[in-house]
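First up is the structure itself, then whatever we jot down about it.
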Amino acid sequence: MTPKKLAASLTVGALVLTGLTAGGGPAQATAESHAPKPPAKNATAIGFGGAVASVDPEATNVGIGVLRRGGNAVDAAVATAAALGVTEPYSAGIGGGGYFVYYSAKHGKVYTIDGRETAPAAMPADAFINPATGTPYTFFPDLVTSGVSVGVPGTLATWDSALKSWGSLPLKKAIKPAAELADRGFVVDETFRSQTLDNKARFSAIVPTAKLFLPGGDAPKVGSLFKNKELARTYDLIGQQGPSAFYRGPLAGEMAKVVKTPPKTPGTTLPVMPGHLTTADLAKYKVLKQDPTKIKYDGLDVYGMAPSSSGGTTVGEALNILTPKKLSKLSTPDALHNYLEASALSFADRGAYVGDPKFVDVPTKQLLSKGFGAERSCQIDPKKAAAKPVKPGAPDGSYDACAPGVNKTEHPDTEGLSTTHLVASDRWGNVVSYTLTIEQTGGSGITVPGRGFLLNNELTDFSAVPDPADPNRIEPNKRPRSSMSPTIVLKHGKPFLALGSPGGSTIITTVLQTLTNRLDRGMTLPEAVAAPRASQRNTASVTAEPAFIDAYEDQLTPYGHKLVLAGDALTSAAEIGAVAALEFLPGGGYLAAAEPKRRGGGSAATVHQLWPR
Ligand code: GLU
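Just so we're aligned: the sequence shown equals residues -29 to -1, 1 to 584 in mature numbering (1 follows the signal peptide of the UniProt record, and there is no 0).
Structure, rendered in structure tokens:
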């Protein structure tokens, strides 16, 4: 197709989409006219030459800038992630970890990097048990806001590994735009202010955190400029000295020190318990390159992240469970019922079998086998929701038409609802789908003094109570099980979709629901992203957004589904997830889709943009 024809066909697509995409246009700034303005943002963009989508317009612009200057998708993804460390410091940054999924156009192959945080060598199996009571510490705010929950960060090592393996820029250049952004500042929006306020009590308990994020004792005002000079200098230092400044150099000593002796504000009532991270743990941290998970769904190849994340196995198993159900032929209520039931079944298996494969024998291949999927699928009654929790199955390689579940103890999920996802693609057809996190919104609440970034509380993703039968029990040097689900879908061997989301264990259901919306329920990608969400994670009730409850409660109640409002005491919004996604259009075009409303709306852009102009 000639560029002219491509433009014409994409413009037609754009017109079709015009009516669907709320949330475009410039972001709101409530400050006076001379106040700084945030960049314009669009929830949907169509064009060619490469694309980026993330939750933040500054970060997306940084990624697009890298692509325009000739960088590839990996360069753009790292630059975007580094910028998210500036503008979304409570969700992601060099104090955390994540999972990077990459499609190489040259090799026609999907690769992954596991940059998950890791338990320190000295972490005891009962680290989360209060010796005074013999029961787990109060999860929030005590355990979350502590050195005990800080794992060895993997994000910087992920960027370094991705760039060295597939990038064209050195780390120094890839993080430079983010350093400049931290230095000049970004315009505070509602989301940043409300996330800061949600964390005010625990941020004020820790001296360097209060100093950085609560200047003058309050969260930065909407419309004001928030600069993080300390982070700018940290990025510069890493740019000059490489990741060893972080893993072996001065930063390593400072991180170990702040975890061992968190600097508490005098008079605070929060315990802020010391943790176990040492310079030796940092010095030996390594990312893992491993094969992606892969399943076939409706003729497409769906690639995801293998354990230590449960994302790839759980999304993949659920799709296998749904395969015989042929969702596209079902009514909306029947399709949603099957989606909820498949989620519950795959969550039962996630809980029973998935952990860090270096420590537990995870039956990844069997969990993703068509035989196991069919056996589990048979458990779904077409008209009746099963009593929850459903039992896990037996992924042992021998499958009956309809085997019942097995008995295993369930361990509750204690994952946070933070994190961020980005997607990037370039003109050569390479694609990145990357989810990164510091776990809780605001991570451990511990800022490394003078360095401008928060440390994660990722180790709270381990089960709190030690149980030798639990694949996700605490063990030294182990990676806690994640739900992050960066996904890439190929059609006839070529990229078709890339997507992912934040949201703790709801990440899995959000990715699954968005995929089925797009692939089976006749929605365009922006519609699939915007559609109201519900999440069934093998619990008695289904958490759902208000719009989902309004639209589907009457239809789903007859099956026995009980819908309850999503969200918890910590977050003001009853939202599930925040997707960033790409679709690869015939003729070489890109459709980039971010959230129109959730988290204040995300930002999608393409290099040569046809729509919106
Ligand atoms: N810690 C979670 C995980 O690894 C992600 C946290 C979140 O999304 O809030 O799955």
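For glycine and all other residues, C-beta sits at the position ideal for the given N, C-alpha and C.
Look at GLN211 here: in three-state DSSP terms it is helix. Annotation for GLY571: ASP160, GLU161 and THR162 place their beta carbon closer than 7 Å to its own, counting only its chain and skipping 5 residues before and after. Taking LEU140 as the centre and dropping the five residues before and after it, the same chain places the C-beta of GLY42 and ASP46 closer than 6 Å to its C-beta, in chain order. DSSP places PHE467 inside the beta strand (DSSP E), whose first and last residues are 465 to 471. Look at GLU410: its beta carbon is less than 6 Å from one of the heavy atoms in ligand 1. Below 8 Å, too few C-beta pairs join the region 105 to 119 and the region 71 to 85 to call them touching: fewer than three. Distance between VAL243 and THR126, taken at the CA atoms: about 24 Å.
Look at ILE84 here: in three-state DSSP terms it is strand. Residue environment for ARG584: exposed (fewer than 16 other C-beta atoms within 10 angstroms of its C-beta). Bounds of any alpha helix (DSSP H) do not take in ASP397; it lies within the beta strand (DSSP E) bounded by 391 to 397. Within the same chain, Cβ atoms closer than 6 Å to the Cβ of LEU183 are found at THR418, the five residues on either side in sequence being excluded. The alpha-carbon of PRO328 is positioned some 9 Å away from that of THR335.
Using a Cβ distance threshold of 7 Å, VAL361 and LEU307 do not count as a contacting pair.
Not one heavy atom of ligand 1 is found less than 6 Å from the C-beta of PRO112. Membership of VAL72 in the beta strand (DSSP E) is indicated by the continuous run 68 to 75. It is roughly 8 Å from the alpha-carbon of THR232 to the alpha-carbon of GLY246. Counting only residues of its own chain and dropping the five nearest sequence neighbours on each side, GLY413 has a CB closer than 6 Å to the CB of TYR61 and ASN170.
For SER75, the shortest separation between its Cβ and any heavy atom of ligand 1 does not lie below 6 Å. When the beta-carbon positions are compared, PHE19 and HIS579 come within less than 7 Å of each other. Contact check for ALA128 and TYR256: beta-carbon distance about 6 Å, within the 8 Å limit, so the pair qualifies. Collapsing the DSSP output to three states places ILE445 in coil. The three-state reading of DSSP puts LYS359 in coil, since its state is none of H, G, I, E or B. Per DSSP, ALA549 is not a residue of any beta strand (DSSP E), being assigned neither H nor E. Residue ranges of uninterrupted alpha helix (DSSP H) with 4 or more members, entirely inside the region 77 to 149 and ordered along the chain, are 126 to 137. According to the DSSP assignment, PHE343 belongs to the alpha helix (DSSP H) that extends over 341 to 348. In the three-state reduction of the DSSP assignment, HIS579 falls in the strand class, which pools E and B. Listed in chain order, the non-local C-beta contacts of VAL26 below 6 Å within the same chain comprise THR391, ALA549, ARG570 and GLY573, local neighbours out to five positions each way being set aside.
A straight line joining the alpha-carbon of VAL377 with that of ASP367 spans about 12 Å.
Inclusion of SER472 and VAL482 in the CB contact set at 7 Å is warranted, their separation being smaller than that value. For ASP521, the enclosing alpha helix (DSSP H) stretches over residues 517 to 527. Between ALA149 and the set ALA30, VAL193, CYS373 and ALA505, the nearest pair of CA atoms involves ALA30.
Ligand 1 approaches THR390 closely enough that one of its heavy atoms is under 6 Å from the residue's Cβ. In the structure shown, LYS354 falls within a coil segment according to DSSP collapsed to helix, strand and coil.
Going by beta carbons, PHE330 and GLU429 fall outside the 7 Å limit. Look at PHE197 here: in three-state DSSP terms it is strand. Between SER195 and MET455, the CB-CB gap reaches or exceeds 7 Å.
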